[in-house]
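Below: the structure, in structure tokens.
In this note's numbering, the protein residues as written are 380 to 1006.
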């Protein structure tokens, strides 16, 4: 089993890594193109990016490889042969389960030890590449603004020699007031040896430059001073750093992406302590603010009583009215300014604490990521292996479609949970484990169905269930070539009479669908409906031994009546009583049951019309032989 699985796993892992690496390259293509980066730098970036993409590629590779492995076994009937020999599915999966345990443990150590270094170096390298100046690509017939404070127009360019013809330059290096316009017949552009400047050599041209007067102020437009210069050759040096400078990796290592489990836990504790101390300091400050705190001074009752007798009661509103209008306006304005100042101050502090909580959430997310990858690999294996055994389709076709669908479902849930945890809408642990919590029951269910050899993905079983739900389940009886037991007309008549009596009794009791209360008090009599359906099937089975094609056509017209659980809820059940009293829920269930009751009554009425035809066919004065 390992010899079959390992090559497929290696192949799918490389394919998945390549795909996510191409996605990364497509997202950051604009940061890499036109920078003159060497092949060594690009290969280094791709290497670290490939390592950083492992958490995304590994679960998909496990899912696809397990689907292909067990799909191939099922398609070639090897799995069926193993089960026939008494080998259970778990025993077949045992070596791969052990392998997946090792892969999960290895994924944790990779996340904890390798990934922080790879991510730090990748983002440091990518950020350094973003800040590198682009290589010059001078286009013909348009203005180029790739040089700082220089607009360059080239009419024609010799691509072999690099010579530029009919050049126009707008130079704003000394400011807009001292701008220069240069026209020349030809020019060459090259980088200085230190790659810190661009050297622009001009031939056969003119230069126009605005000048200032002695006071340093430009003159009016009518008396504008300017300088005009003709030259045969002129050289301009333009600051243009073409060197690649690698940034310090320590900045990224200090962020959450560059830390392992112990460092993340230490950082989380530090951030918690910082938030608590800042919150306590803010709380003390608010409590000490006279505008925001209540007066907590207390006085003995005797002093209060003495004050009540000796001190004249003062009305604050009268004091305010006695003040001049300008003073009152000043008091109101001062109070308003103080409120606005306090509001802005506490808003800023709230934003600062919000940023601290976001940093804390980021660290928590990164901490949980160290463990979620390991569980995701196990969950995807227990989805892929049983699913492959059920669908029995190998190759890359069906397994690839199913894998992509399941992985997109997992990716959407995982990203949604991470964003909700990052934004504080969910606790971090709930957001990060949401995808695993949803997919784990799916893995358990699929494994259980595969072990029990369930036909959960059998197309015929689904079509049969769909026909039952839609009421389109029809009989397909045909005259048998060999009949062991011939139909006895007397016995057939007795059975038809019994079935007719049961049909009449049922329709007399249930001439129409039940109302809301009648339904929840018991629904249709399950024993009576079960007896009717059993008698119907036994009678049809007995009469199907006939050699008469006309009678066989009548039997095929007999409807199939299903005894469904929804037709007779248990009135003593807690859930039935709860649904009845929870009117919206009970109403929905009753409406669905109403549709099935209507269909059942319609089928029984149809049976009641067909039974006399079958009876008359077998009881006429000169009846045709039933056998």
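The beta-carbon is built from N, C-alpha and C at its ideal position, and this holds for glycine as well. Note that the structure is a prediction, hence the values are computed from the model and not measured.
Buried or exposed (CB count within 10 angstroms, at least 16 for buried), residue 469: Answer is exposed; the Cβ neighbour count stays below 16.
Uninterrupted beta strand (DSSP E) stretches inside the region 605-653 (no shorter than 3 residues): Listed in chain order, the complete beta strand (DSSP E) runs (minimum 3 residues) inside the region 605-653 are 605-618.
The region 942-955 in contact with the region 895-905 per 3-pair CB rule at 8 Å: The way I'd put it, the region 942-955 does touch the region 895-905; three or more beta-carbon pairs between them come closer than 8 Å.
Nearest-angstrom Cα separation, counted from residue 828 out to residue 940: Distance between the alpha carbons of residue 940 and residue 828: 28 Å.
For residue 387, the nearest candidate out of 994, 932 and 441 (CA to CA): The alpha carbon of residue 387 has as its nearest neighbour, out of 994, 932 and 441, the alpha carbon of 441.
When 570, 985 and 497 are compared against residue 628, the one with the closest alpha-carbon: If we check each option's Cα against that of residue 628, 497 comes out closest.
Whole-Å CB distance - residue 437 paired with residue 486, under 8 Å assumed: Residue 437 to residue 486, Cβ: 6 Å. Contact.
The ligand NAP heavy atom lying under 6 Å from the CB of residue 882: Summarising the ligand content, the structure contains no ligands, and the ligand NAP is consequently not present.
Close beta carbons around residue 399, own chain, < 8 Å, minus the five adjacent residues each side: Answer for residue 399: 432, 435 and 436, listed in chain order.
Span separating the alpha-carbon of residue 914 from that of residue 878: Rounded to the nearest angstrom, the gap between the Cα atoms of residue 914 and residue 878 is 6 Å.
Endpoints, alpha helix (DSSP H) assigned at residue 736: Counting along the chain, the alpha helix (DSSP H) containing residue 736 begins and ends at 704-770.
At least 3 beta-carbon pairs within less than 8 Å: the region 966-974 vs the region 927-935: Under the 8 Å Cβ criterion, the region 966-974 does not count as touching the region 927-935, having fewer than three qualifying pairs.
Per-residue burial, residue 898 [other beta carbons within 10 Å of its own, 16 or more giving buried]: Counting Cβ neighbours within 10 Å, residue 898 comes out buried, since at least 16 surround it.
DSSP-derived helix/strand/coil call for residue 425: Three-state result, residue 425: helix.
Reference residue 784; option with closest CA among 443, 391 and 411: Measuring from the Cα of residue 784, the nearest candidate turns out to be 443.
Test item: CB-CB of residue 612 and residue 582 under 7 Å: Cβ distance < 7 Å, so residue 612 and residue 582 count as in contact.
Helix, strand or coil at residue 532 according to DSSP, with G and I counted as helix: Strand, per DSSP.
CB contact flag (residue 928, residue 858, <7 Å): By the CB criterion at 7 Å, residue 928 and residue 858 fall inside the cutoff.
Close Cβ partners of residue 569 (< 6 Å) along its chain, the five nearest in sequence each way excluded: Cβ neighbours of residue 569 beyond the five flanking positions: 578.
Straight-line Cα distance separating residue 893 from residue 983: The alpha-carbon atoms of residue 983 and residue 893 are separated by roughly 16 Å.
Backbone secondary structure at residue 856 - three-state DSSP: DSSP places residue 856 in coil when its eight states are reduced to three.
Selected residue, minimal CA-CA separation from residue 605, among 853, 636, 585 and 616: The option with the nearest alpha carbon to residue 605 is 585.
Below-7 Å beta-carbon distance, residue 749 vs any chain C residue: Here there is only one protein chain, and chain C is not present.
Test item: CB-CB of residue 746 and residue 813 under 7 Å: Cβ distance not < 7 Å, so residue 746 and residue 813 don't count as in contact.
Under the three-state DSSP convention, the category residue 449 falls into: Note: residue 449 maps to helix in three-state DSSP.
The alpha helix (DSSP H) enclosing residue 921, as first and last residue numbers: Where residue 921 is concerned, the enclosing alpha helix (DSSP H) stretches over 905-922.
Residue 638 versus 505, 748, 506 and 539, residue with shortest Cα-Cα distance: Selection 505, 748, 506 and 539 evaluated against residue 638 yields 748 as nearest (Cα-Cα).
Beta strand (DSSP E) segment containing residue 870, residue limits: That residue, residue 870, is in no beta strand (DSSP E); its alpha helix (DSSP H) goes 868-888.
Which residues DSSP lists as bridging residue 569, in chain order: 578.
Same chain, Cβ closer than 6 Å to residue 636, five either side skipped, listed in chain order: Taken in chain order, the residues that qualify are 498.
Residues near residue 758 in its chain [Cβ-Cβ closer than 7 Å; skip 5 each side]: Closer than 7 Å at Cβ, skipping near neighbours: 815, 818, 819 and 822.
CA-to-CA distance, residue 769 to residue 420, given in whole angstroms: For residue 420 and residue 769, the distance between alpha carbons rounds to 47 Å.
Where residue 962 sits in the DSSP three-state scheme: Residue 962: helix per DSSP, three-state reduction.
Pair within 7 Å by beta-carbon distance, residue 508 and residue 532: It is not a contact, given that the beta carbons lie outside the stated cut-off.
Coarse secondary structure for residue 823, derived from DSSP in three states: Helix.
Cβ-based burial, residue 979 [other Cβ within 10 Å; buried from 16]: The residue in question, residue 979, is buried, as its Cβ has 16 or more Cβ neighbours within 10 Å.
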